[in-house]
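Here the sequence shown is numbered in numbering that gives the first Met the number 0, starting from 0 and rising by one per residue.
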Amino acid sequence: MMICSSFILNHTETTGQWTIYPWIHSNCNSLSDNDQLRPVLIPDIHPASAGITEGFSMCGGDFVEVYNDSSQIGVWDAVVTCFFIDTAHNIIEYIEIISRILKEGGVWINFGPLLYHFADMYGQEDDMSIELSLEDVKKIAFHYGFELEKEQTIETTYTTNPRSMMQNHYHAAFWTMRKKRTTTT
């Protein structure tokens with residue numbers, strides 16, 4: 000994913016510049032051969048159209064290793080997590096780091112399910128997984144100084160061929176939380 004993201008962000012000149020065949024290797028649940036061989040033009044939105052000229056970060060590596068550093072404390076105005084927080088071994092650690100790296104008044108926007116990637120993995124200590132309910136994730140976020148501004152559940156898919164006979168849907172959590180400002184008296 001990182002290689003593809005980097006390529007699109009750094010080498011795209013127009014919307015729909017690249018043609019990919021994302022379902023070419025999906026032999027199951029096709030209604031027709033054409034569904035499996037259907038091309039998709041990417042990107043659907045040109046990256047430069049977002050108007051972000053500075054302060055955008057995309058790093059290869061483990062989130063904890065990259066952002067759990069003193070140089071990151073209070074640096075970011077916003078953190079966006081999209082289909083991400085459930086990739087944590089320890090979701091509490093992710094929330095703590097997001098709180099730490101945001102400036103006071105900073106915004107955390109999240110979208111995604113809680114399909115914990117390390118659930119049911121047994122063996123080495125590194126494979127531990129903390130799986131919390133959405134209710135508990137929000138309680139932990141409140142503990143780390145977040146206030147909920149907007150919340151809703153959105154039905155969505157993830158890497159799904161819309162023409163497949165099999166459709167997996169998520170009822171994903173979407174929220175905007177703001178890190179509280181500390182008051183001085």
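Glycine included, every Cβ here is placed at the ideal spot set by N, Cα and C.
Determine whether the beta carbon atoms of residue i and residue j lie at a separation below 9 angstroms.
i	j	result
residue 90	residue 147	no
residue 152	residue 108	no
residue 14	residue 42	yes
residue 178	residue 141	no
residue 94	residue 113	no
residue 39	residue 7	no
residue 88	residue 126	yes
residue 63	residue 92	yes
residue 143	residue 97	yes
Taking the C-alpha atoms as reference points, what is the distance between residue i and residue j?
i	j	result
residue 170	residue 155	6 angstroms
residue 24	residue 168	21 angstroms
residue 66	residue 159	31 angstroms
residue 4	residue 139	31 angstroms
residue 120	residue 129	11 angstroms
residue 69	residue 55	19 angstroms
residue 176	residue 76	12 angstroms
residue 164	residue 28	5 angstroms
residue 44	residue 117	32 angstroms
residue 11	residue 53	18 angstroms
residue 50	residue 173	23 angstroms
residue 162	residue 26	13 angstroms
residue 166	residue 46	28 angstroms
residue 181	residue 1	36 angstroms
residue 115	residue 150	20 angstroms
residue 48	residue 9	13 angstroms
residue 37	residue 30	12 angstroms
Assuming residue i and residue j make a contact with CB atoms under 8 angstroms, what is their CB distance in whole Å?
i	j	result
residue 17	residue 35	Contact doesn't hold; Cβ gap of about 19 angstroms is too wide.
residue 100	residue 78	7 angstroms
residue 157	residue 110	Between residue 110 and residue 157 the Cβ distance is about 11 angstroms, and since that is not below 8 angstroms, they are no contact.
Name the DSSP bridge partner or partners of residue i?
i	result
residue 23	According to DSSP, residue 23 bridges with nothing at all.
residue 106	77, 177
residue 154	170
residue 18	40
Inter-stretch contact (C-beta, 8 angstroms, three-pair minimum) for the region 56-64 and the region 102-122
no
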